[in-house]
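Here this note's numbering is used: position 29 in the sequence shown is 30, and no number is missing along the way.
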Amino acid sequence: MDCRTCTKCCRTLPLDSFQRAGSRGREPACTLCNNDARRLRTPLPVIQPDPVQVRLNNTFNLWHGPVSRVPLRIAA
Numbered sequence: 002m003d004c005r006t007c008t009k010c011c012r013t014l015p016l017d018s019f020q021r022a023g024s025r026g027r028e029p030a031c032t033l034c035n036n037d038a039r040r041l042r043t044p045l046p047v048i049q050p051d052p053v054q055v056r057l058n059n060t061f062n063l064w065h066g067p068v069s070r071v072p073l074r075i076a077a
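In structure tokens:
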């Protein structure tokens, strides 16, 4: 089985892992790297805030009262 090294991830993979490039032979980057690059280019979908989760988060974060921006002097 013939192997080839990917130019992006430097892994040695079989020739089946590289896409054909017509008369040029095969692409220099493997299919895994091409898929990763395509995933990085596509934007993530917008997450709609869940009102119940927001209320739970606010309740949990304010359990001990609002946070003071002044550093604690008793901790020193």
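Beta carbons are placed, not taken as given, at the ideal position from N, Cα and C, and that holds for glycine.
Taking the continuous beta strand (DSSP E) assigned at A30, which residues delimit it? Taking the sequence shown and counting its residues from 1, the one referred to as residue 30 is at position 29. Per DSSP, A30 belongs to the beta strand (DSSP E) from 27-31.
If I measure Cβ to Cβ from C34 and keep anything under 8 Å in the same chain, skipping five residues before and after, which residues do I get? By one-based count along the sequence shown, residue 34 stands at place 33. C7, K9, C10.
The beta strand (DSSP E) enclosing L14, as first and last residue numbers: Numbered from 1 along the sequence shown, position 13 holds the residue referred to as residue 14. From DSSP, the beta strand (DSSP E) with L14 extends over 13-15.
Inter-stretch contact (C-beta, 8 Å, three-pair minimum) for the segment 48-62 and the segment 20-31: no
Identify the residues that DSSP records as bridge partners of F61: which are they? Locating residue 61 in the sequence shown gives position 60, counting from the first residue. Note: F61 sits in no beta bridge, so no partner.
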